[in-house]
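Encoded as structure tokens, the structure appears first; notes follow it.
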Amino acid sequence: MPDYILGIESSCDDTSAAVLMDNVVLSNVIANQQVHKDFGGVVPELASRAHQQNIIPVIDKALKIANISKSSLSAIAFTRGPGLLGSLLVGTSFAKSFSLGLNIPLIEVNHLKAHILAHFVVQPGKEKVLPEFPFLCLTVSGGHTQIVKVKGYNEMQIIGQTIDDAAGEAFDKSAKILGLEYPGGPMIDKYARDGNPDAFAFAKTNIPGLDFSFSGLKTSILYFLRDRLKEDPMFMQNNLADLCASIQSAIVNTLMIKLKLASKQTGITEIAIAGGVSANSRLRTAISDMHESAGWKVHIPEFQFTTDNAAMIAVAGYFKFLEGSFAEQNVTPYSRGGI
Ligand code: KG4
Ligand code: ZN
């Protein structure tokens, strides 16, 4: 008999629900919150309210698409953290009540582990090469940038991380400076396609070891533009593609330098990328190229599993379900914390 796991994700500005049959995804519904667009970033209070509005319809739709009734569910997995507390509370409270009502186990999931375990989600009828342990995962999202040594489904170790901004934040803040709408990462990616990545050189902070720093890049962009705009008020509009391509190149190069160093230091050549920024086209190409040039075995997630989604929460929950690792009804979300 297969197990059916309902996953619920509400850590930031996406309300998502997914149903998995073991590790096969039957549905993965994501409601993006549009309310934040006018504010240039996620407004926590608006996010909580939108989750409150979305959660029931999203779960209902996920069950309908999966074509199973709630009484067939084996367990409910939810994102416990890290994330926005008000947003997490909506998913957590719903998951608790639903599990109590259905009398099935409740499973708490770490959002960052789930981004990594998204690589183990299988789609019906589709062949997939799953990562083998141990592998390295570069997790790059709006809130985190980490290199993780993954030894097992629940055995992970952070070996490098950002000391200031996350890679997604670097994309979003740069985009904001350029007057692009939120979230800026996909916009920079889009405009960069027609630009020259070597057009402009921005100062990169290279700190020793496997840690990252992105805050210097933002300052460098600000000073660079301040000077250029004095000479030509239309500089930004006239050079948007080149600016985007150069910023994207600076961020991706920094990520690749550290990832290559991590592979060299650990001797691990099985490499995965995860998180919202793993949707970036330049990063995906740079990683794929490492297969040819350095013999890396690379794992690049499908787009639907890069940004926040509940299929990754459900699959992380599935592995905990197999271990019998369940949460109590008094479990509370956490806003900060690593893996
Ligand atoms: O994982 P995610 O959906 O949410 C967090 O857990 O943070 O990641 C969102 C981040 C945002 O910063 C967004 O700008 C970035 O992922 N992102 C991208 C791209 N698509 C999403 N950054 C660069 N290029 C993209 N194509
Ligand atoms: Zn995320």
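For the sequence shown, this note's numbering gives the first residue as 1354, with consecutive numbering after it. We put the CB at the ideal spot given by N, CA and C, even for glycine. Note that the coordinates shown come from a computational prediction; the quantities given were computed from them, not determined experimentally.
With a minimum length of 4 residues, the unbroken runs of alpha helix (DSSP H) contained wholly in the stretch 1514-1592 fall at 1520-1530, 1537-1545, 1568-1584, 1588-1591. By the 16-neighbour rule on beta-carbons within 10 angstroms, Val1503 is buried. Between Ile1500 and Ala1669, the CB-CB gap reaches or exceeds 7 Å. Looking at the DSSP output, Asp1367 shares a beta bridge with Asn1385.
A distance criterion of 6 Å places the beta-carbon of Asp1367 beyond contact range of the ligand ZN, judged by its closest non-hydrogen atom. The beta carbon of Asp1661 sits closer than 6 Å to at least one heavy atom of the ligand ZN. Per DSSP, Arg1433 is not a residue of any alpha helix (DSSP H); the beta strand (DSSP E) it occupies stretches across 1428-1434. Per the Cβ contact rule, the stretch 1438-1447 is not in contact with the stretch 1471-1481 (fewer than 3 Cβ pairs under 8 Å).
Per the coordinates, the alpha-carbon of Lys1526 lies some 9 Å from the alpha-carbon of Gly1393. Annotation: the stretch 1582-1662 contains the following complete segments of the beta strand (DSSP E) (minimum length 3 residues), in chain order: 1623-1627, 1650-1652. DSSP places Phe1488 outside any alpha helix (DSSP H); the residue lies instead in the beta strand (DSSP E), whose first and last residues are 1488-1493.
Here the C-alpha atom of Gly1628 lies approximately 39 Å from the C-alpha atom of Glu1584.
As DSSP reads the structure, Glu1461 sits in a beta bridge with Phe1431. Using a 10 angstroms sphere on the CB of Ser1424, the tally of other CB atoms stays under 16, which defines it as exposed. Not one heavy atom of the ligand ZN is found less than 6 Å from the C-beta of Ser1602. Counted as a single uninterrupted DSSP element, the stretch harbouring Gln1499 is not any alpha helix (DSSP H) but the beta strand (DSSP E) occupying residues 1498-1505.
By the neighbour-count criterion, in which 16 or more other beta carbons inside 10 Å mark a residue as buried, Ser1427 falls on the buried side. In terms of Cβ geometry, Gly1454 and Ala1663 do not form a close pair [threshold 7 Å]. Bounds of the alpha helix (DSSP H) holding Leu1441 are 1438-1455. Here the distance from the Cβ of Asp1542 to the nearest heavy atom of the ligand KG4 is below 6 Å. For Ser1688, the shortest separation between its Cβ and any heavy atom of the ligand KG4 does not lie below 6 Å. Within the chosen limit of 6 Å, the ligand KG4 reaches the beta carbon of Asn1633 through at least one heavy atom. DSSP, read as helix, strand or coil, puts Gln1682 in coil. Taking a 10 Å sphere around the C-beta of Leu1483, we find fewer than 16 other C-beta atoms and assign the residue as exposed.
For Tyr1544, the CB contacts under 6 Å within the same chain, skipping 5 residues up- and downstream, are Leu1593, Ala1594, Cys1597 in chain order. Membership of Glu1362 in any alpha helix (DSSP H) is not indicated; the residue belongs instead to the beta strand (DSSP E) covering 1357-1362. Sequence-distant Cβ neighbours of Ile1469 in its own chain, meaning closer than 8 Å and more than five residues away, are Cys1490, Thr1492, Val1501, Val1503, Met1509, Ala1625, Ala1627.
DSSP places Ile1409 inside the alpha helix (DSSP H), whose first and last residues are 1397-1419. By the Cβ-count criterion, Glu1398 is exposed, with fewer than 16 other Cβ atoms from all chains shown falling within 10 Å of its own Cβ. Remark: the shortest separation between the CB of Ser1573 and any heavy atom of the ligand ZN does not fall under 6 Å. Here Ser1452 is buried: its Cβ has 16 or more other Cβ atoms, across all protein chains shown, within 10 Å.
Collapsing the DSSP output to three states places Leu1675 in a helix. Here Val1475 carries a strand assignment [DSSP, helix/strand/coil]. In the displayed model, Leu1470 falls within a helix according to three-state DSSP. Three or more beta-carbon pairs drawn from the stretch 1361-1368 and the stretch 1435-1445 are found closer than 8 Å, and the two stretches are therefore classed as touching.
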